[in-house]
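Report on the structure given below.
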Amino acid sequence: MQSFGFPCIYQVELSMQMEEQILAERCRMGDNTARKELYDRFAGRLLAICMRYVGDRDTAADLMHDAFLKIFGAFDRFTFRGPGSLRAWIERITVNVALEWLRNRNRLGTLELDEGRAANRIAEPDPAEVARIPQELLMRFVAELPDGYRAVFNLYCIEERSHREIAELLGINEKSSSSQLSRARSLLARRIKDYLKSQG
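Going by our numbering, the residue at position 170 of the sequence shown is 763; the numbering climbs one at a time, nothing skipped.
Here is the structure:
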């Protein structure tokens, strides 16, 4: 007696896992077909990550290509740890490429200057209200944040890094990371409330 399709589901998961392992191994060997497959599969996702950090599509596209070059050159350091580990690895590299671009252009240099100032706190909107806003628009609001605020917001809220990790990544202290996050949330709350008000 078939147990409600569970064997089939297991086989699909197993084949996806093997496919991911094989794709990574072929990329490591320099197989251009595998590299094209990796690019086609993840380019949209990595472009969105770069957009979240730099806020400009042309720059994001350049950084995405830089990230793929780093990824293709780093497969000897990749270890498969189960389904999703390949995606997590290439996303981590992409975030680091974007952060390096911001640091090299001193786009994060103003983070410490704001540390002691009190943010004009605005109550965060209700999740049900936020759900009414198109995802692309929310991402645009994030992209329009000042560079430092945007970097901290992305690392804390989307990448789920701790303030200690963010401080190490950006070369700031934990108090500054917390302050920038508070300011980013206030700015986003204002944008969301203004948008909802404009929609009646």
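Idealized CB from N, CA, C, for every residue including glycine.
Residue i classed as buried or exposed, judged by whether at least 16 other C-beta atoms fall within 10 angstroms
i	result
R645	buried
G657	The residue you asked about is not Gly; residue 657 is Met in the sequence shown. By the 10 Å Cβ count, M657 comes out buried.
L781	buried
Q792	exposed
L774	buried
G741	buried
R743	buried
S772	buried
G709	A caution first: G709 carries a pLDDT of 43, below 50, which makes its placement in the model too unreliable to give a value.
L662	exposed
Below-8 Å beta-carbon distance, residue i vs any chain D residue
i	result
A654	Here there is only one protein chain, and chain D is not present.
Check whether residue i and residue j have beta carbons under 8 Å apart
i	j	result
A691	V647	yes
E613	I642	no
L748	L762	yes
F673	C620	no
I715	R783	yes
L616	L631	yes
F635	R680	yes
A724	I686	no
Supposed close pair residue i, residue j - CB separation, criterion 8 Å
i	j	result
E722	L789	6 Å
S770	A777	That pair is no contact at about 11 Å.
V688	E767	Not quite, the Cβ-Cβ distance comes to about 19 Å (not below 8 Å), so this is no contact.
I765	I726	That pair is no contact at about 30 Å.
Of all the beta strand (DSSP E) runs that stay within the bounds of the region 649-724, which reach a length of 3 or more residues?
As far as the region 649-724 is concerned, it has no whole beta strand (DSSP E) run of at least 3 residues.
At 4 residues or longer, what runs of the alpha helix (DSSP H) sit wholly inside the region 727-784?
728-736, 740-746 and 756-763
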